[in-house]
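Using the UniProt record's numbering, read the sequence shown as starting at 1 and increasing by one per residue.
Idealized CB from N, CA, C, for every residue including glycine.
Single-structure report; data block below.
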Amino acid sequence: MFEKIKNSKLMFWSLELLILATLVLVSTKIDFVFSPIVTFFSTLFAPILIAGFLYYMVNPLVSFLERKFEMKRTLAVVIVFLLLIGLLVLAVSTIIPALAFQVSELISSLPQFISAIEQWSKEMMDHPWVQQVDLEAALGKLDLNIGTIIKNFINGLSSSLGSIMGTVINVALTLVTVPFILFYMLKDGHRLIPTVSKFLPDSYADEVIHLLQKMGQTISKYISGQVIECTFVGIATAIGYYLIGVEYAILFGTIAGITNMIPYIGPYLGLAPAVLVTLFSNQENVLLKVFLACIVVLVVQQIDGNFIFPNVIGKSLDIHPLTIIFILLVAGNIAGLLGMILGVPFYAVCRTIVSHVYDIIQIRKGKMLRESFAITQEDKKSGLKNK
Numbered sequence: 001m002f003e004k005i006k007n008s009k010l011m012f013w014s015l016e017l018l019i020l021a022t023l024v025l026v027s028t029k030i031d032f033v034f035s036p037i038v039t040f041f042s043t044l045f046a047p048i049l050i051a052g053f054l055y056y057m058v059n060p061l062v063s064f065l066e067r068k069f070e071m072k073r074t075l076a077v078v079i080v081f082l083l084l085i086g087l088l089v090l091a092v093s094t095i096i097p098a099l100a101f102q103v104s105e106l107i108s109s110l111p112q113f114i115s116a117i118e119q120w121s122k123e124m125m126d127h128p129w130v131q132q133v134d135l136e137a138a139l140g141k142l143d144l145n146i147g148t149i150i151k152n153f154i155n156g157l158s159s160s161l162g163s164i165m166g167t168v169i170n171v172a173l174t175l176v177t178v179p180f181i182l183f184y185m186l187k188d189g190h191r192l193i194p195t196v197s198k199f200l201p202d203s204y205a206d207e208v209i210h211l212l213q214k215m216g217q218t219i220s221k222y223i224s225g226q227v228i229e230c231t232f233v234g235i236a237t238a239i240g241y242y243l244i245g246v247e248y249a250i251l252f253g254t255i256a257g258i259t260n261m262i263p264y265i266g267p268y269l270g271l272a273p274a275v276l277v278t279l280f281s282n283q284e285n286v287l288l289k290v291f292l293a294c295i296v297v298l299v300v301q302q303i304d305g306n307f308i309f310p311n312v313i314g315k316s317l318d319i320h321p322l323t324i325i326f327i328l329l330v331a332g333n334i335a336g337l338l339g340m341i342l343g344v345p346f347y348a349v350c351r352t353i354v355s356h357v358y359d360i361i362q363i364r365k366g367k368m369l370r371e372s373f374a375i376t377q378e379d380k381k382s383g384l385k386n387k
């Protein structure tokens, strides 16, 4: 029976899928076993993710200092840490106060924007084609009740206080633990691949080491390239907004730089706040400024797409645009904004793994065929000699 199942691909894969479905069903019934594991990994996810991002961003600099000046790696890590602290102090003393000032100005102007939006909504409601719609009946179907709304708001506020406190504590712990994780990643990260190779069979060690090195190069090139690209987009957009007279230029430039990490739709997400705030402000020539803001973003994206992106990232990912759109839809639905940012590099790493494993399998198949052919030839030669 087992020989029949082994020889039949349909029976074999049907049995494999049945076993997999059974394991999934059993796992859902004993979630109390997996919940501590999930909690453990979810607690470490954010610090390791941030430290890993910084590791791949500054590790080339550490390796350069270690190789160029022949210094010990620990000393190179300390120098890089001092540079990071200097950049952080510079940001806190210059950029962050300007951002904080513009954010406070924007918050103080919210009543004005709300009033402008209400005025626009009133004008839209007075439009003839809107009046043809029976809004009272539509609102009645929603069963809006002031008491119910207030009750739900108070319940939501009281239940969210605990989550807010938990978030503050998690952020504080992350800020404390990330520097320590990053330090030891930079100090001992180069020992990971040699350590892993000791536990691998000799026949697979070279392939696995090459795969890990290729993965590290893909991630490092993507992250460092994204940092350079987003920095350029943020600075260039802020300068462009400032030159055309858009308010809160530094804030909107920063938003444009951050959202640029999302392929294709990132520039539009970064443009939306600048357009909305400018459109409902009391400035002169509002429509002209909105049009010029769109031109600024278009010019910056053209420079980025034709000069910055090809040189700093190049074709390291080489992913079809339609594939990227599918990745953004799925990753955004699963993990929101973070998923849209991490989806593409995660896919690139997975594709590198699958491609490399496939190449290894093909090479080994070819090697086995050559060995089998050589053995057959030797058998034929020995047979002829015996005759």
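Asked: So, helix, strand or coil for H356, using DSSP?; Found: helix
Asked: Quick one: Cα of N59 to Cα of S35, how far?; Found: 34 Å
Asked: Taking the CB atoms as reference points, tell me whether T174 and A46 lie closer together than 8 Å.; Found: yes
Asked: Spatial neighbours of L200 within its chain, please: CB distance less than 6 Å, with the 5 preceding and 5 following residues excluded, ordered by chain position.; Found: V208
Asked: Beta-carbon separation of Y347 and A293 under 8 Å?; Found: no
Asked: Is it buried or exposed for I107, if we count other Cβ within 10 angstroms and need 16 for buried?; Found: exposed
Asked: Buried or exposed for I146, going by 16 or more other Cβ atoms inside 10 Å?; Found: Low per-residue confidence applies at I146: pLDDT is 49, beneath 50, and the placement is therefore not dependable, though the value from the model is reported in the following sentence. Its Cβ having fewer than 16 others within 10 Å, I146 is exposed.
Asked: Just tell me which of I262, V178, I95, F309 has its CA closest to the CA of F232.; Found: F309
Asked: Helix, strand or coil for M185, going by three-state DSSP, please let me know.; Found: helix
Asked: Under 8 Å by Cβ, that's how I've got E66 and A76 pegged, so tell me the actual separation to the nearest angstrom.; Found: 5 Å
Asked: Is the separation between the beta-carbon of E247 and that of S281 shorter than 8 Å?; Found: yes
Asked: Count the other CB atoms, across all protein chains shown, that sit within 10 Å of the CB of F252; report buried if there are 16 or more and exposed otherwise.; Found: buried
Asked: Among Q302, N306, A274, whose alpha-carbon lies nearest the alpha-carbon of F291?; Found: A274
Asked: Taking the alpha-carbon of G189 as reference, which of N333, Y55, I334, E16 has the nearest alpha-carbon?; Found: Y55
Asked: Pick helix, strand or coil for S121, following the three-state DSSP scheme.; Found: helix
Asked: Three-state secondary structure (DSSP) at P201?; Found: coil
Asked: Quick one: Cα of L298 to Cα of L271, how far?; Found: 10 Å
Asked: For L144, name the three-state secondary structure that DSSP assigns.; Found: With a pLDDT of 48 at L144, under the threshold of 50, the predicted position of this residue should be treated as unreliable, and no value is reported.
Asked: As a quick exercise: from I79, F53, I48, P263, pick the residue whose alpha carbon is nearest that of V62.; Found: I79
Asked: Mapping the DSSP letters down to three states, classify G336 as helix, strand or coil.; Found: helix
Asked: Looking at the structure shown, is F41 part of a helix, part of a strand, or coil, going by DSSP?; Found: helix
Asked: State the DSSP-derived secondary structure class of Q283, mapped to helix, strand or coil.; Found: coil
Asked: Are three or more beta carbon pairs between the segment 347 to 359 and the segment 204 to 221 nearer than 8 Å?; Found: yes
Asked: Output needed for I223: all residues of its chain with C-beta closer than 8 Å, excluding positions within five of it in sequence on either side, in chain order.; Found: F53, Y56, M57, P345
Asked: Determine the contact status of V286 and L279, defining contact as a CB-CB distance below 8 Å.; Found: yes
Asked: If you check the beta carbons only, do P263 and I334 fall under 8 Å apart?; Found: no
Asked: P97 by DSSP, collapsed to three states: which one?; Found: helix
Asked: Taking DSSP as the reference, what is the three-state secondary structure of V246?; Found: coil
Asked: Determine the direct distance from the alpha carbon of Y184 to that of K72, and round the result to whole angstroms.; Found: 14 Å
Asked: Quick one: using the 10 Å Cβ neighbour count with 16 as the cut-off for buried, is M340 buried or exposed?; Found: buried
Asked: Between G245, Y268, L243, which lies nearest to I255 when the distance is taken from Cα to Cα?; Found: Y268
Asked: Whose CA, out of S104, R191, H210, A331, lies closest to the CA of I250?; Found: S104
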